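**Q** Pasting a structure here, questions to come.
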Amino acid sequence: MSLHDPTDVLAEACAAKADGFVELRYHKKRTRSIAVEKGRVDQAKISEHTGVGVRVLEDGTWGFASTDTLEAGDVGRAIDSARAAARSSARKKKEKLSGLPTAELARGRFDTPGYDELANRPLEESLQLVLELEEEARKSSSSISSAACGYTEIFEEKGIVTTDGAKAWTRLVRPEFRVSAVAQKDGELQRGAESVGATGAWDCLFRGETPEGLADRAARMAVDLLSAKYPDGGRMKVLLSPSLVGLLTHEAIGHTVEADFVQAGSCAAGRLGTRVGSDLVTLCDSGISEFYDGAGGTLAVDDEGVLTGRTTIIEDGILKSYLHDRESAGHYEVAPTGNARAFEYDDEPLIRMRNTYIAPGTSSLDEMIAGIDDGLMLDGPQNGQADANGEFMFGTRQAWPIQGGKKGELMRGVNISGIAFDVLRSVDAVGSEFRWDLGSGYCGKGQPAKVDAGGPWLACEVIVGGRTQ
Amino acid sequence: MSPETLQTKPYDAPAQEARLTERAEQLMNLALAAGADEAEVFGAHSETISVGFEKGDLKLTTVDEGTSLGLRVFQNNRLGFSSTNQSGASSLETTARDANTLASFSLPDEANVLPEPRALDERPTLVTPEIAAYPVETAVERGHDFLSRALAVDPRLSIDQASFTVTRHTACNVSNKGVRAAESDAQLGLSVFGMAIDGDDVGGFDYWGDSLRDASRLDAAMDHSVRHFADGALGNLNAGAAETYRGPVLFAPQAFCEVFISPLVSASSAIAVQRGRSALADKIGERVAHESLFLHDDPTDRELAGAATFDREGMPAGKFTLVEGGKLSSYLYNAYAAAVEGRTSTGHASGGARAVPGLGPHSLSIAPGDGGDTAAMRARLGRGLVVQRFSGTVDPASGDFSGVAKSARWVENGEVVRSVKETLISGNAFELLGQIAALSTDAPTLMGATRAPWALIDGVSVTAG
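Taken in order, these protein sequences are the chains called A and B. Note that the first sequence covers residues 1 to 469 in the working numbering. Note that the second sequence covers residues 1001 to 1465 in the working numbering.
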């Protein structure tokens, strides 16, 4: 791992080409990963992807190029290429940018705890743990036909320098752990899976559950789902777990308030200052790990060199803010919110979420279950998507019927859908216990981004895609 | 390179293949010197021009190139893998050392052996001179042309994102077993993503795109992509309700692939079968779908993006039958899965330079049926739901699927009567593949990657919101 500040070389290259806006982003990404299935090692990997992404603003038009070295001469040539690309396209640009708004740009060193601790931890120890847990999951029941377990560490070091004042060196590490099991009975297969991800070391990664506990839960889920039935579908009251609340905030709301999507006409356009949810709903996106350390999308500085912080998107049900990069902030005449993120050095920054959540309320889980006469309790996040019209969907692994305020036996997971703001308006209870629970997730929007999301348990109304008889 | 204009040299495929192979051999030799019994390097080099549009205007032009090398070593049948995009001598030495360090404490597995070299077909190059020499200015011009065509269709269309890309790519594979394979490719790519907005009515998004190696097809591909996108996005306006029922649903080719073909192909992985997570275990020669289903993987089809002469391990890639008349013909094998069973790879190692080879198809092609054109398929449906895209979850092990029907339409008397929203579909893909009622007589290309027909499938659960 590098111990040298990369921003000096970038500043030197920047100074040599200072006639116009230049943004240089050195990004060293080193990934260590192991994966085991059914006692066999499928992946034992170390991967490095390093270079400098160059973005320039020339004649009101963006240009981008990159180089895989941190040599001032190569970076200078990449600046020339980016400028030439911008000039080549400027005549086709309708609305030229007059410049970027001022922002609180980062200067100095920003280290997230855990980097050195994991860098010094031998991967051999992690492999042993993964092997043991996969075996434990596989042998926990005669119904289990297969199990898999994996562990990944992503070490990221960045240097960001801009001609208007950013000069930041950041380091962080994001570990991920996942375990799954497949149970089989009479030719039918069911899968159980658990995963966690964090920004920080193992104290953050395994804060909520031990690795052994996660393996046990995945195996039990697979076996229990074999004998579980499918719920019926329809519009109904549901109680969403913190991980599913995280999916709701990310998929249903977060994407629709990304300012680039708003400008294209998403359902959040023109809604600032209006009621979009019940007054129990306060929803934020933050570069900081609020409530406790380790949220998986944590970053101190975004990829435009803007200091991150908390953005309150919805406060007491009223839409307060969109998520911005510097360009969209200029368009809306607000301050950038630090949401510009690029996956790797050769990707350009896009408006992305970080840690998105619904703030905790006052209800206990028991009170919330007791408050539902006929509905479902849902847990276990799978994939999700959102649409321009606010229609969202996401999958769940497990469901429990709630009848007369009592929780019933496990049923198979379902996909749920709804119109984002309609669902937020239907929220009538918000739990008091907060949890980050999507740290192993990636968001896809042309390029991946490591994000986290969470919240408390939450009661609302959605459409459930059950099996219609 | 001049700072005023970007003078790009034509992509010299033979020279790139030679350079990449030389670097790959250098890393392979370093790995052997560092203690590997066996070493294989996959190299990938690409040069791209990407012109991106957002909100109906040009956003960013990117000119980029990069090279990655992926090293797989075995020490006493123990796996180690490392990759790098760095070219310096010390980086290559570190990469060789990393892979060997990992192999030193990994578990032995008798199937961890590199494949013996096999003869590759002689096929015409995938690189045309026109795309090899495609200038940045032309890419900007044609990208803008593409955007303009989309915006001209209807003022209600909002283009969230569109892109025009030029990709020149070289891949190589070398191993100490004697594998030497290198091939280059050059493609143009189009994509458009957005929605229609009519007053307060914001329709669901839609997208389409294409990839092509023949630049003379560009105008036709632009028109087709724009028409497909516009029809979908405009059709999503004024969405109403569907009805809840269980019965026949008409799937557009993309949705058919997402819901039914994807789990079928996943379960056809020999590794999935060997590891006990495939519903197709012991099903070779047995009926796994309706007799009308014929599914091939065809990397010889030059019109599809996945055309290739060899796979990720340098093994020959040829036309391959997965399902014939509804019966499962074979599983897919890479070298590892083949070694487990003591047979040869089917040439289905997949992936890039940054991970251990995976397992998957190159270019899927589903044969058309005799159900007639799209109108005839709607007539067969009579009354019910048409799903054009699927936004949901398909479990590759169980085959259970559940999700939202996107760009969905409600049909009565064989005619579309309205767009629908808030409608979920669910079922089990492996069960419902046996209930294909009809496949259309055409099998269009899906964004340059796959050929598939429309499919009318009975027994699907539809839940209307």
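Virtual Cβ for every residue (Gly too), placed ideally from N, Cα, C. What you are looking at is a predicted structure, and each value in this text was computed from that prediction instead of being measured.
#1: Assign Gly-444/A to one of three DSSP states: helix, strand, or coil.
#2: Determine which residues share a DSSP beta bridge with Trp-202/A and list them.
#3: Determine, using beta carbons only, whether Met-411/A comes closer than 9 angstroms to chain B.
#4: What is the residue span of the beta strand (DSSP E) that Leu-247/A lies within?
#5: Can you pull the chain A residues whose beta carbon is under 7 angstroms from the beta carbon of Ala-1335/B, in chain order?
#6: Listed in chain order, which residues of the stretch 1272–1292 of chain B have Cβ atoms closer than 7 angstroms to some Cβ of chain A?
#7: Taking Cβ positions only, does Ser-321/A come closer than 9 angstroms to chain B?
#8: What number of angstroms, rounded off, separates the C-alpha of Pro-1115/B from the C-alpha of Asn-1176/B?
#9: Have a look at the DSSP bridge pairing and note the partners of Asp-285/A.
#10: What does the alpha-carbon distance come out to for the pair Val-1265/B and Leu-1188/B?
#11: Anyone know if the C-beta pair for Asp-1109/B and Ile-46/A falls short of 9 angstroms?
#12: Mind listing the chain A neighbours of His-1144/B? Cutoff is C-beta to C-beta under 8 angstroms, in chain order.
#13: Using the Cα positions of Pro-1357/B and Gly-1351/B, report the straight-line distance between them to the nearest angstrom.
#14: For Gly-1382/B and Asn-1413/B, which I take to be in contact (beta-carbon distance under 8 angstroms), what is that distance rounded to the nearest angstrom?
#15: Which residue marks the beginning of the alpha helix (DSSP H) containing Arg-1023/B, and which one marks its end?
#16: Here's the rule: buried if 16 or more other CB atoms are within 10 angstroms of the residue's CB, otherwise exposed. What is Leu-1373/B?
#17: Give me the chain C residues within the contact set of Val-414/A, using Cβ-Cβ distance strictly less than 7 angstroms, ordered along the chain.
#18: Can you list, in chain order, the residues of the stretch 1316–1335 of chain B whose Cβ is nearer than 9 angstroms to any Cβ on chain A?
#19: Does the stretch 1050–1070 of chain B come close enough to the stretch 58–72 of chain A that 3 or more CB-CB pairs lie under 8 angstroms?
#20: Can you check whether the C-beta of Ile-253/A is within less than 9 angstroms of a C-beta belonging to chain B?
#21: Tell me whether the stretch 9–27 of chain A and the stretch 147–165 of chain A touch, counting them as touching only if at least three CB pairs, one residue from each stretch, are closer than 8 angstroms.
#22: Of all the beta strand (DSSP E) runs that stay within the bounds of the stretch 1218–1286 of chain B, which reach a length of 3 or more residues?
#23: In chain order, what residues of the same chain lie with their CB nearer than 8 angstroms to the CB of Asp-1091/B, ignoring the 5 residues before and after it?
#24: Helix, strand or coil for Gly-455/A? Go by DSSP, reduced to three states.
#25: Buried or exposed for Gln-382/A, please, with buried defined as at least 16 other CB atoms from any protein chain shown within 10 angstroms of its CB.
#26: Counting only beta-carbon separations shorter than 9 angstroms, does Asn-383/A have a partner in chain B?
#27: Could you tell me whether the Cβ of Thr-7/A comes closer than 9 angstroms to any Cβ of chain B?
#28: Can you tell me where the beta strand (DSSP E) with Ile-253/A in it begins and where it stops?
#29: Shortest alpha-carbon distance to Gly-413/A belongs to which of Ala-1233/B, Asp-1037/B, Ala-1307/B, Asp-1400/B?
#30: Have a look at Leu-1332/B, Lys-1327/B, Pro-1117/B and flag the residue whose alpha-carbon is nearest the alpha-carbon of Ala-1267/B.
#31: DSSP state of Thr-7/A, grouped into three classes?
#32: Which first and last residues belong to the alpha helix (DSSP H) in which Val-1136/B is found?
#33: Using the rule of at least 16 other Cβ atoms within 10 Å of the residue's Cβ for burial, across every protein chain shown, is Asn-1076/B buried or exposed?
#34: Just mark His-4/A as buried or exposed, buried being the case when its beta carbon has 16 or more other beta carbons within 10 Å.
#35: Sort Ser-1278/B, Lys-1055/B, Ala-1353/B by Cα distance to Leu-1157/B and report the nearest one.
#36: Of all the CB atoms in chain B, is at least one closer than 9 angstroms to the CB of Gln-403/A?
**A** According to the data block:
#1: strand
#2: None; Trp-202/A has no bridge partner.
#3: no
#4: Counting along the chain, Leu-247/A falls outside any beta strand (DSSP E), though it belongs to the alpha helix (DSSP H) covering 242–247.
#5: Those do not exist, as Ala-1335/B stays about 13 angstroms from chain A at its closest Cβ, beyond 7 angstroms.
#6: Arg-1275, Gly-1276, Arg-1277, Ala-1279
#7: no
#8: 10 angstroms
#9: Thr-311/A, Thr-356/A
#10: 27 angstroms
#11: no
#12: Lys-92
#13: 6 angstroms
#14: 7 angstroms
#15: 1013–1033
#16: Per the sequence shown, the amino acid found at residue 1373/B is Asp instead of Leu. By the neighbour-count rule (16 or more Cβ atoms within 10 Å), Asp-1373/B is not buried but exposed.
#17: Chain labels in this structure do not include chain C; the protein chains are A and B.
#18: none
#19: yes
#20: no
#21: yes
#22: 1245–1251
#23: Residue identity differs from the one stated: residue 1091/B is Ser in this sequence, not Asp. Within the same chain, Ser-1091/B has close Cβ partners Thr-1084.
#24: strand
#25: buried
#26: yes
#27: no
#28: Element bounds for Ile-253/A: n/a, residue is neither H nor E.
#29: Asp-1400/B
#30: Leu-1332/B
#31: helix
#32: 1136–1153
#33: exposed
#34: exposed
#35: Lys-1055/B
#36: no
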